[in-house]
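Going down the list, the protein sequences come from chains R and L. Residue 722 is where the first sequence starts when you use this note's numbering, and the numbers rise one by one after that. Residue 722 is where the second sequence starts when you use this note's numbering, and the numbers rise one by one after that. Each residue gets a CB set at the ideal place from its N, CA and C atoms; glycine is no exception. For clarity, every value in this text was computed on a predicted model and none was experimentally measured.
2 protein chains.
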Amino acid sequence: MPRMASPPQTARSERTREALRRAAMVRFLAQGVEETSAEQIARDAGVSLRTFYRHFGSKHDLLFADYDAGLHWFRRALADRPDGEPVIESVQAAIFAFPYDVDAVTQIASLRADELDPSRIVRHMREVQSDFAHAVRDHLEHRSDDPGNEALAITVTARCVAAAVFAGMEVWMQREERSLADLAELCRTALTSIADGLPVR
Amino acid sequence: MPRMASPPQTARSERTREALRRAAMVRFLAQGVEETSAEQIARDAGVSLRTFYRHFGSKHDLLFADYDAGLHWFRRALADRPDGEPVIESVQAAIFAFPYDVDAVTQIASLRADELDPSRIVRHMREVQSDFAHAVRDHLEHRSDDPGNEALAITVTARCVAAAVFAGMEVWMQREERSLADLAELCRTALTSIADGLPVR
DNA sequence: ACCAGTTTTGTCAATAGTGACAGAACGCGC
DNA sequence: GCGCGTTCTGTCACTATTGACAAAACTGGT
Chain R
722 MPRMASPPQT
732 ARSERTREAL
742 RRAAMVRFLA
752 QGVEETSAEQ
762 IARDAGVSLR
772 TFYRHFGSKH
782 DLLFADYDAG
792 LHWFRRALAD
802 RPDGEPVIES
812 VQAAIFAFPY
822 DVDAVTQIAS
832 LRADELDPSR
842 IVRHMREVQS
852 DFAHAVRDHL
862 EHRSDDPGNE
872 ALAITVTARC
882 VAAAVFAGME
892 VWMQREERSL
902 ADLAELCRTA
912 LTSIADGLPV
922 R
Chain L
722 MPRMASPPQT
732 ARSERTREAL
742 RRAAMVRFLA
752 QGVEETSAEQ
762 IARDAGVSLR
772 TFYRHFGSKH
782 DLLFADYDAG
792 LHWFRRALAD
802 RPDGEPVIES
812 VQAAIFAFPY
822 DVDAVTQIAS
832 LRADELDPSR
842 IVRHMREVQS
852 DFAHAVRDHL
862 EHRSDDPGNE
872 ALAITVTARC
882 VAAAVFAGME
892 VWMQREERSL
902 ADLAELCRTA
912 LTSIADGLPV
922 R
């Protein structure tokens, strides 16, 4: 269960990963996620089952395979913000500049919504929030003059920023109508609402 | 993998659960967590492997079996706080009044630290934080005059409160010396630091 | 092209975790 | 105690994951 999503090194392994990704996507779309076995994917990709698990910690990791790239993108976007800009602004700018691949996102999203155990999505969201918080924390540490002395303040801030963004997502998810614009609005409101104190006392 | 920790109903099943808990603890302490198989535990408890998994979503859930009780306790403690008290105070009061069973905690903690994959602990912590946030949110919703209209504010606040508490824990965990008093101090500081705005801008 | 060291795969063998279905045990009204 | 609907278990069969170890492919230097 500890998905260790082993990081690939050589071009060869990257080819294998790509083959697995493709094979999985084809099967997933054709017959559904739970109806596709890991062995099937491995065979389609022309590798052994064991090799499959060397590249992806679990069958379901394939559904979130694009996630790492997004995280890297976010970290870089944060780093590219001008010095001295308030965190909240930096985070907003980084989030809203994200280059969505609408087709891919839509395709995966439909799979996730239909075939996937909701608890799995929730768990993944928690992981994403955690990584998000770490990214923000690293950003703050990098900015700080004396990170060691501000450890608590930095950690608290980073985690709260992440909490706010994901609170926005949570509220958005519970709505009937879900537009990208609404999501952005909710996240923006959530972030600005914590800058000067908690919105509810 | 979706650990569904099925909620027990009858006295009989409670007996089974208890037997499994005990059998597991004995084995875990004697030979370590990873060196104990689920089948072994089931056999020791006198039930089938399948029955084991009906009561505990996974072998590792047994290590956190006491957790649900703690969560319930926290929810009740929150509900018992006087009306009109600021959330942050309520949460602090609820946290610090928690009745630890020092022996049990120590025993389990040593197991967790030695035998367990760190990523497993991290994952559990994320789950705990999430449940914690939900508890706070329910508390706020209960207090609010118009929860529907304040959905975002309530969710943001609940999640940030949880984020602060767990930020305190994170910092504490990274220290060499870890005393209960330090933990309390860190959580207190973390919580008060977000009341009037983020500690880092 | 050849050798030595590194990375990636395949094979084997266990353990972990689940769905489906039938039988056993339990709680309740008569 | 008896019959009946509900809950709990055991058995079977299958998929998901992982550790250990050896063979195969890839790399850089000569």
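Contacting residues, own chain, Cβ-Cβ under 7 Å from residue i (five flanking each side not counted)
i	result
Arg-858/R	Ile-875, Thr-876 and Ala-879
Arg-909/R	Gln-813
Ser-727/L	Only weak support is given to the placement of Ser-727/L: the predicted model assigns it a pLDDT of 47, under 50, and the question is left unresolved by the model.
Ile-842/L	Arg-833
Glu-755/R	Glu-836
Glu-898/R	none
Cβ of residue i within 7 Å of any chain L Cβ
i	result
Cys-908/R	no
Thr-878/R	yes
Pro-807/R	yes
Arg-922/R	yes
Asp-917/R	yes
Leu-783/R	no
Glu-897/R	no
Leu-683/R	Outside the shown range of chain R (722 to 922) lies residue 683/R, about which nothing can therefore be said.
Arg-775/R	no
Leu-832/R	no
Leu-837/R	no
Leu-861/R	yes
Residue i at chain R interface by Cβ criterion, 7 Å
i	result
Gly-778/L	no
Ser-851/L	yes
Ala-905/L	no
Leu-799/L	no
Ser-914/L	yes
Ala-911/L	yes
Arg-847/L	yes
Leu-770/L	no
Distance, residue j Cα to residue i Cα
i	j	result
Ala-745/R	Asp-782/R	11 Å
Pro-803/L	Thr-772/R	58 Å
Phe-817/L	Ser-900/R	42 Å
Pro-820/L	Trp-794/L	9 Å
Ala-800/R	Leu-792/R	12 Å
Ala-872/L	Val-921/L	26 Å
Leu-837/L	Ala-732/L	32 Å
Arg-844/L	Leu-907/L	22 Å
Asp-917/R	Arg-797/R	27 Å
Leu-912/R	Ala-815/L	27 Å
Arg-864/R	Phe-853/R	17 Å
Ser-840/R	Met-846/R	10 Å
Val-892/R	Asp-866/L	18 Å
Ile-915/L	Glu-739/L	42 Å
Leu-919/L	Asp-822/R	33 Å
Glu-848/R	Ala-905/R	21 Å
Asn-870/R	Met-894/R	38 Å
Thr-737/L	Thr-737/R	46 Å
Same chain only: Cβ atoms within 8 Å of residue i, ignoring 5 sequence neighbours per side
i	result
Glu-862/L	Pro-868 and Ile-875
Ile-762/R	Leu-741, Ala-744, Ala-745, Arg-748, Phe-773, Lys-780 and Leu-783
Arg-896/L	Asp-903
Thr-757/L	Ala-745, Arg-748, Phe-749 and Lys-780
Cys-881/L	Ile-915
Other residues of its chain near residue i: CB distance less than 6 Å, five sequence neighbours each side excluded
i	result
Met-725/R	At Met-725/R the pLDDT is 47, less than 50, meaning the model places this residue with poor confidence and gives no usable figure here.
Glu-760/L	Leu-770
Gln-850/L	Ala-883 and Phe-887
Is it the case that the segment 747-755 of chain L contacts the segment 830-839 of chain L, given that we only count it when at least three CB pairs across the two stretches are under 8 Å? yes
Inspect the CB distances between the segment 818-828 of chain R and the segment 781-800 of chain R and report whether three or more fall short of 8 Å. yes
Quick check: the segment 805-812 of chain R against the segment 757-776 of chain R, are at least 3 beta-carbon pairs closer than 8 Å? no
If the cut-off is 7 Å on Cβ atoms, which residues from the segment 731-754 of chain L count as contacting chain R, listed in chain order? none
Do the segment 858-870 of chain R and the segment 886-901 of chain R touch if we need at least three Cβ pairs shorter than 8 Å? no
Chain R contacts made by the segment 866-892 of chain L, where a contact means CB separation under 9 Å: Glu-871, Ala-872, Leu-873, Ala-874, Ile-875, Thr-876, Val-877, Thr-878, Ala-879, Arg-880, Cys-881, Val-882, Ala-883, Ala-884, Ala-885, Phe-887, Ala-888, Gly-889, Glu-891 and Val-892
Pull out every residue of the segment 811-829 of chain R whose Cβ sits closer than 7 Å to any Cβ of chain L, in chain order. none
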